[in-house]
Structure formats: C-alpha cells, structure tokens
Amino acid sequence: MEHLPFYIALVMGLSTFLCVFFLAKASPEYTTRILIIASAWLVLQALVSASGFYADTQAMPPRLLLAIVPPILLIIGLFVTKSGRHFIDKLDLKTLTLLHIVRIPVELVLFWLYLYKKVPEIMTFEGQNFDIISGITAPIVYYLYIKERIGTGIMLMWNFMCLVLLINIVSTAILSAPFAFQQFGFEQPNIAVLYFPFNWLPCCIVPIVLFSHVVAIKKLMEE
C-alpha cells in the first residue's frame with residue numbers, strides 16, 4: 001500500500017510471524033507442520049493480495065471472505081475430528097496465554113494506519129477498540145498462572161473477557177470495510193486489510209488469537 005512508512009508494514013509482518021511462532025511453540029509435536037502450513041498460507045495470501053484481488057470491493061460476496069473462511073473452517077475441523085482434538089489436547093495453555101502479547105503491536109499498527117487514513121478511528125484504542133488490554137494483561141496473567149497465584153476461575157474470566165474484546169474489534173473492522181453492508185467509518189473506511197501485509201491480520205492473526213482463546217476455554221472448563 002502506497003504512502004505508508006515502512007515500519008508499519010514491518011511491525012505488521014513481525015507480529016504475524018510472532019503469532020505463528022507462539023502457536024508452533026505451544027505444540028512441540030506439531031511445530032514443523034504448523035510452520036509449513038502457516039508459511040504456505042501467508043505466501044498465498046501475500047500473492048493474492050498483491051495482485052489486487054481483494055481491492056475489488058464491489059464483488060459479492062466480498063472477496064476478502066477467501067482470506068477469512070478457510071482458517072475458520074480449519075478451526076472447526078480441528079474441534080470435530082479425532083486428529084484435530086488430539087492436536088488441541090497437546091497444546092500448552094501457558095504458551096497460548098503468552099501468545100496474546102501480539103495484540104500490543106497489532107493495536108499500534110491499527111493506530112498508525114488510522115493516522116495515515118487507512119482505517120477509521122473507531123478501530124483504534126482512541127475509538128472503540130480496547131483489545132490492547134488483552135495484550136497488556138497477557139504477560140501478567142501468564143506470570144501469575146505459572147506461579148499458581150491465580151486459578152482456573154480467573155483464567156476463564158480473563159479468556160472470556162479477551163474473547164469479547166476480540167469479537168468487538170473484529171465486528172467493528174468488518175462493518176467498517178467498504179462493502180455493501182458497511183455501518184461504520186464512512187469518512188474513512190477500513191481499507192488496510194485489503195492490502196498486503198495487512199491482510200495477514202484477518203487471515204492469520206485473528207484466527208490464531210480466536211483459536212487460542214477457544215482452546216484455552218475448553219481446557220480450563222475440563223479441569
């Protein structure tokens with residue numbers, strides 16, 4: 001995307017790689033497989049986005065669904081298949097908790113994109129996006145949990161709270177995009193996610209963060 005400082009794209013890319021790294025680290029048994037699948041998916045999405053495919057906002061259904069639906073279907077598949085549930089059972093809850101620190105640089109990226117008129121203010125912490133709280137509290141919750149100073153109840157509350165914050169910004173971002181159903185950000189639509197590397201946010205970071213919360217909640221409720 002033109003007219004943006006390089007550091008914004010760099011932080012976006014590094015945040016994506018950090019997110020994938022934490023997921024891979026959470027499952028030593030599947031590390032290589034996770035890295036291969038994630039790398040292939042990110043390269044594919046980079047090529048599709050670079051071609052301008054997602055920039056056509058008049059197409060119906062929105063073309064961006066091709067970046068969002070496959071990860072969601074994969075998550076569903078992991079929960080409903082035996083091999084998928086085996087993978088989920090092997091994931092480390094502590095690492096999945098620490099993973100959420102990626103939400104701090106992501107929120108900074110969204111704020112910078114707002115300053116350069118690529119997303120609306122409502123999508124930032126100056127608007128109605130408080131998701132940065134999840135990132136700030138993640139290392140604190142992680143530390144308290146490994147030191148056994150908080151238990152299952154607090155961990156569940158934290159995951160549910162952060163999940164609500166995630167749903168809030170995701171729904172805001174979707175309804176701020178320049179599609180037929182746009183509800184917010186008419187003065188400045190959410191166009192950043194239509195371009196590389198910012199399309200990695202909906203196609204990779206958000207699904208991994210969502211998956212991490214759902215897995216954590218499942219594990220905690222089974223304790």
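Residues in the sequence shown are numbered consecutively from 1, following UniProt numbering.
Quick reminder that beta carbons are idealized off the backbone N, C-alpha and C, glycines included.
All figures in this text were calculated on a predicted structure; none of them were measured in a lab.
Query raised in the report: Is it true that the CB of Pro-105 sits closer than 8 Å to the CB of Val-11?
Result: Stepping through the sequence shown from its first residue, residue 11 is reached at position 11. Stepping through the sequence shown from its first residue, residue 105 is reached at position 105. Yes. Within cutoff.
Query raised in the report: Do the CB positions of Leu-110 and Val-119 come within less than 8 Å of each other?
Result: Within the sequence shown, numbered from 1, the residue matching residue 110 stands at position 110. Within the sequence shown, numbered from 1, the residue matching residue 119 stands at position 119. Result yes, Cβ atoms of Leu-110 and Val-119 sit closer than 8 Å.
Requested in this report: Count the other CB atoms, across all protein chains shown, that sit within 10 Å of the CB of Pro-189; report buried if there are 16 or more and exposed otherwise.
Outcome: On the sequence shown, residue 189 is found 189 positions in, with the first residue counted as 1. Buried, by the Cβ-count rule.
Report task. Output yes or no for whether 8 Å exceeds the beta carbon distance between Leu-78 and Phe-87. Result -> The residue labelled residue 78 in the question sits at position 78 within the sequence shown. The residue labelled residue 87 in the question sits at position 87 within the sequence shown. Closer than 8 Å, so yes.
**Report entry** Start-end ranges of the alpha helix (DSSP H) lying completely within the segment 111-166, minimum 4 residues
**Finding:** 132-146
Query raised in the report: How far does the alpha helix (DSSP H) with Pro-70 in it reach, from first residue to last?
Result: If you number the sequence shown from 1, residue 70 lands on position 70. It spans 65-80 - the alpha helix (DSSP H) in which Pro-70 sits, taken as one unbroken run.
Query raised in the report: Between the beta-carbon of Phe-181 and the beta-carbon of Ala-50, is there less than 8 Å?
Result: Counted from its first residue, the sequence shown places residue 181 at position 181. Counted from its first residue, the sequence shown places residue 50 at position 50. No, the Cβ-Cβ distance between Phe-181 and Ala-50 is not below 8 Å.
Query raised in the report: Exposed or buried, which one is His-100 when buried takes at least 16 other CB atoms within 10 Å?
Result: Residue numbering aside, residue 100 sits at position 100 when the sequence shown is read from its first letter. Burial call: buried.
Report task. Could you tell me the distance, in whole angstroms, from the CA atom of Glu-223 to the CA atom of Pro-207? Result -> Here residue 223 corresponds to residue number 223 of the sequence shown, with the count starting at 1. Here residue 207 corresponds to residue number 207 of the sequence shown, with the count starting at 1. Cα-Cα distance, rounded: 24 Å.
Query raised in the report: Secondary structure at Ser-51, three-state DSSP: helix, strand or coil?
Result: Position 51 of the sequence shown, counting from 1, holds the residue named residue 51. If DSSP states are grouped into helix, strand and coil, Ser-51 belongs with coil.
Query raised in the report: Looking only at C-alpha atoms, which of Leu-113, Leu-44 and Ser-134 sits nearest to Phe-6?
Result: Along the sequence shown, one-based indexing puts residue 6 at 6. Minimum Cα distance to Phe-6 is reached at Leu-113.
**Report entry** Continuous alpha helix (DSSP H) stretch holding Glu-187: start and end
**Finding:** Here residue 187 is taken as the residue at index 187 of the sequence shown, counted from 1. Per DSSP, Glu-187 belongs to no alpha helix (DSSP H) and is neither H nor E.
**Report entry** Best match in Ser-212, Ile-217, Ile-76 and Val-48 for proximity to Ala-24 [C-alpha to C-alpha]
**Finding:** To locate residue 24, count along the sequence shown from 1; it is residue 24. With distances taken between Cα atoms, Ala-24 lies closest to Ser-212.
Query raised in the report: Do you know whose CA, among His-3, Trp-200 and Lys-219, lies nearest Ser-15's CA?
Result: Taking the first residue of the sequence shown as 1, we reach residue 15 at position 15. Looking at the Cα atoms, Trp-200 is the closest of the given residues.
Requested in this report: Would you check if the segment 129-146 and the segment 23-37 touch, i.e. whether three or more CB-CB distances between them fall below 8 Å?
Outcome: no
Query - Candidates Thr-57, Thr-31 and Tyr-54: closest to Lys-90 by CA position - result: Counting from one through the sequence shown, the residue named residue 90 turns up at place 90. It is Thr-31.
Query raised in the report: Thinking C-beta only, is Ile-68 closer than 8 Å to Cys-204?
Result: Along the sequence shown, one-based indexing puts residue 204 at 204. Along the sequence shown, one-based indexing puts residue 68 at 68. No, the pair does not count as a contact, with Cβ atoms beyond the cut-off.
Query raised in the report: Got a sec, what are the start and stop residues for the alpha helix (DSSP H) Leu-14 sits in?
Result: For the purposes of this step, residue 14 is identified with residue 14 of the sequence shown, where counting begins at 1. Where Leu-14 is concerned, the enclosing alpha helix (DSSP H) stretches over 6-25.
Report task. Assign Met-221 to one of three DSSP states: helix, strand, or coil. Result -> On the sequence shown, residue 221 is found 221 positions in, with the first residue counted as 1. It is helical.
Query raised in the report: Of all the options Ala-216, Ser-83, Ile-132 and Pro-178, which has the alpha carbon lying nearest to the alpha carbon of Asn-159?
Result: Residue mapping note: residue 159 aligns to position 159 of the sequence shown, counting from 1. Comparing Cα positions, the closest option is Ala-216.
Query raised in the report: Cα-Cα, which of Gly-185, Phe-179, Ala-9 and Val-214 is closest to Asp-56?
Result: For the purposes of this step, residue 56 is taken as the residue at position 56 of the sequence shown. Per the Cα distances, Phe-179.
Query - Unbroken alpha helix (DSSP H) run spanning Ser-96, endpoints - result: Counting from 1 along the sequence shown, the entry for residue 96 is found at position 96. In the sequence as displayed, the identity of residue 96 is Leu instead of Ser. Element bounds for Leu-96: 93-98.
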